[in-house]
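1 is the number of the first residue of the sequence shown in this note's numbering; add one for each residue after it. Ideal placement from N, C-alpha and C gives every residue a C-beta, glycine not left out. Structure, as structure tokens:
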Amino acid sequence: MSQNYEVFTNSNKVGVDRVQRGNGRYAFLMESNSANYLTERKCDLKTSGYGLLNKINYGIGLPLNSENRKSINQALLKLEAEGTMKHLVMKWWKQKRGGGACLMDMEMGGASLQLSLKNIAGIFLLLLICLIFIILVFGLEWLRSYRQAQAQPSTTEQ
1 MSQNYEVFTN SNKVGVDRVQ RGNGRYAFLM ESNSANYLTE RKCDLKTSGY
51 GLLNKINYGI GLPLNSENRK SINQALLKLE AEGTMKHLVM KWWKQKRGGG
101 ACLMDMEMGG ASLQLSLKNI AGIFLLLLIC LIFIILVFGL EWLRSYRQAQ
151 AQPSTTEQ
């Protein structure tokens with residue numbers, strides 16, 4: 001572990017402030033829900049690796065052997081299945097208390113973060129070229145083995 005303790009922070013607020021002042025020289029790891037909440041409000045911040053590094057689901061703490069555990073689990077699963085949880089995240093992260101500010105900023109001329117065919121066409125072109133190359137190599141290999149088989153005298157008993 002690094003002994004350089006000045007890279008660590010005591011809170012998310014200090015880490016976010018350091019990122020904003022760091023001119024791209026500082027990255028801060030924080031849990032994804034807080035990061036997503038902040039990036040909806042502070043347009044000079046962005047997240048990387050969404051859902052890859054720290055996808056966290058929260059739980060409700062109950063006393064050991066609580067009789068309410070099963071009913072609360074069922075209610076939470078029902079809310080998730082009905083889309084209520086996603087609706088609440090949309091409401092409180094993207095609509096209320098300043099959420100969605102960066103979306104409005106992008107609509108006013110900022111760069112789009114969504115992928116389109118124009119953004120990823122190169123990958124498909126590369127895949128197509130590789131596929132053609134593989135078919136060509138396979139065809140040449142088959143032709144070589146076919147010619148070798150024709151060149152060898154057949155050994156049949158008479």
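- The C-beta distance from Thr47 to Cys102 rounds to 11 angstroms, too long to fall under 8 angstroms, and the pair is not in contact.
- Taking the C-beta atoms as reference points, Ser34 is found no nearer than 7 angstroms to Asn10.
- Residue range Ser32 to Thr39 is occupied by the alpha helix (DSSP H) that includes Ser32.
- In this structure, DSSP gives Arg25 a state outside helix and strand, which the three-state scheme calls coil.
- Here Val137 is exposed, its C-beta having fewer than 16 other C-beta atoms within 10 Å.
- For Ser11, no alpha helix (DSSP H) segment is defined, and its DSSP state is neither H nor E.
- Counting along the chain, Thr84 sits inside the alpha helix (DSSP H) bounded by residues Thr84 to Val89.
- In this structure, DSSP gives Lys94 a helical state, which the three-state scheme calls helix.
- At a Cβ-Cβ threshold of 7 angstroms, Val16 and Tyr26 do not count as neighbours.
- In the structure shown, Leu131 adopts helical secondary structure according to DSSP, grouped into three states.
- If the five residues before and after Tyr37 are omitted, its C-beta is found closer than 6 angstroms to the C-beta atoms of Trp93, all from its own chain and listed in chain order.
- For the pair Phe124 and Lys70, the Cα-to-Cα distance works out to about 48 angstroms.
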